[in-house]
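Structure, as structure tokens:
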């Protein structure tokens, strides 16, 4: 997509000397604007001003390190996504405009609990700053809270600042929260501080990437108890056709997975977890196969359960998910679970 603009303007007398300039600006993600300016004197009375602007949506790859929450994304896509509707009848609605709305709710088939999630967000640019405002309502039978969030970008290159707070409707308490994130080509640093009863809980994470290798580190510190509550360290390697992910949680829970792309539409995965505290291991094998552009099938099996899931794109912006879990050791008993989900996007 290109556009070319040529203008000629006659102005009055000016003592501005002859000048020629070239301006290049990155006006958006992968968008380049080039402007050529030239001025000439004409009979020492007036001058002719020519402006030629060339604007193109040229895709420029911007290499940035992923955040901590992106670690293990491929593993979650194979082993978790598609099975979150089990035992539920769920519906999701989201919009991707400047003023966005996200609504989600589900009915648990084994109870009368109906949790509801609603979010509104608004993004706009002010000078060189990106400002995002969000309001979130989370309502269920146990907790009802409201979260207000403000995100500011553009203060420094690669730096994001997020401030907000959560109001608990039952306890009538407010928990402020401040989050800072810095990202460049190889490192992503995140500092998240949540204040509960004026006693902060600090979450710090770091991620580094280099030539397909990715390492993460996460730690949580509770100032009221003055103890290190949670820790995580992980290392992964991504090649062209496979991804290997390893993680250690709480110094005692070990897990590892390997995802391989067998053919163009088929992914196979193997996940192994082991905890020396309870001396228990977990093994799962998963597969994801895209039949065509609108139908995707997923399957996962562990030592006692078989998971099945299918996603169907009914039309653009309308996706239907069907999932089931079968108890292999108790196949004749009524202990299986089923679920259905509908996702609407506009």
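In our numbering, the protein residues as written are 34 to 379. Beta carbons are placed, not taken as given, at the ideal position from N, Cα and C, and that holds for glycine. Small disclaimer: the values here were computed from a predicted structure and weren't measured.
If contacts are defined as beta-carbon pairs under 8 Å, then residue 293 and residue 274 qualify, I think. What distance do you get, rounded to the angstrom?
6 Å
From the DSSP secondary-structure annotation, give me the bridge partner or partners of residue 125.
137, 376
Rounded to whole angstroms, how far is the Cβ of residue 125 from the Cβ of residue 377, which I believe are closer than 8 Å?
7 Å
Would you call the segment 352-367 in contact with the segment 109-119, where contact means no fewer than 3 C-beta pairs closer than 8 Å?
yes
Between residue 241 and residue 249, what straight-line distance do the alpha-carbon atoms span, to the nearest angstrom?
7 Å
For residue 362, which residues in the same chain have their Cβ closer than 7 Å to its Cβ, ignoring the five residues on either side in sequence?
337
Straight-line Cα distance separating residue 161 from residue 55:
Confidence at residue 55 is low in this model, with a pLDDT of 31, below 50, so the placement of that residue should be treated as unreliable; the coordinate-derived value is given next. Each residue's Cα considered, the two are about 21 Å apart.
Which of the three DSSP states, helix, strand or coil, is assigned to residue 107?
helix
Residue from 239, 204, 203 whose Cα sits closest to the Cα of residue 219:
239
How is residue 330 classed by DSSP in three states: helix, strand or coil?
strand
Using DSSP with H/G/I as helix, E/B as strand and the rest coil, what is residue 112?
helix
Output the distance between the C-alpha atoms of residue 312 and residue 208, rounded to the nearest integer angstrom.
38 Å
If residue 252 sits next to residue 264, beta carbons under 8 Å apart, how far is it from one beta carbon to the other, in whole angstroms?
5 Å
Let's see if you can read the secondary structure: which residues bound the beta strand (DSSP E) around residue 290?
286-296
Proximal residues to residue 135 (C-beta, below 6 Å), its chain only, five neighbours per side dropped:
127, 152
With DSSP run on the structure shown, which of helix, strand or coil describes residue 101?
helix
How many Å lie between residue 146 and residue 123 at the Cα?
12 Å
On the criterion of 16 or more Cβ atoms from any shown chain inside 10 Å, does residue 107 qualify as buried, or is it exposed?
buried
Once DSSP output is grouped into helix, strand and coil, what is the label at residue 342?
strand
Residue range of the beta strand (DSSP E) that includes residue 256:
From DSSP, residue 256 is part of no beta strand (DSSP E); its letter is neither H nor E.
Spatial distance of residue 214 from residue 191 (CA atoms)
8 Å
Helix, strand or coil for residue 225 per DSSP?
strand
Rounded to the nearest angstrom, what separates residue 206 and residue 112 at their Cα positions?
37 Å
Report the rounded CA-to-CA distance for residue 369 versus residue 143, giving the unit in angstroms.
12 Å
At the level of alpha carbons, what is the spacing between residue 260 and residue 254?
6 Å
Could you give the C-beta distance for residue 200 and residue 178, rounded to a whole number, given that I count them as a contact under 8 Å?
6 Å
Report all residues from its chain with a CB closer than 6 Å to the CB of residue 318; omit the five preceding and five following residues, and keep chain order.
303, 334
Simplified DSSP assignment, three categories, for residue 240
strand
Is the beta carbon of residue 306 closer than 9 Å to that of residue 286?
yes
Identify the residues that DSSP records as bridge partners of residue 219: which are they?
DSSP, once it has assigned bridges, lists no residue as partnering residue 219.
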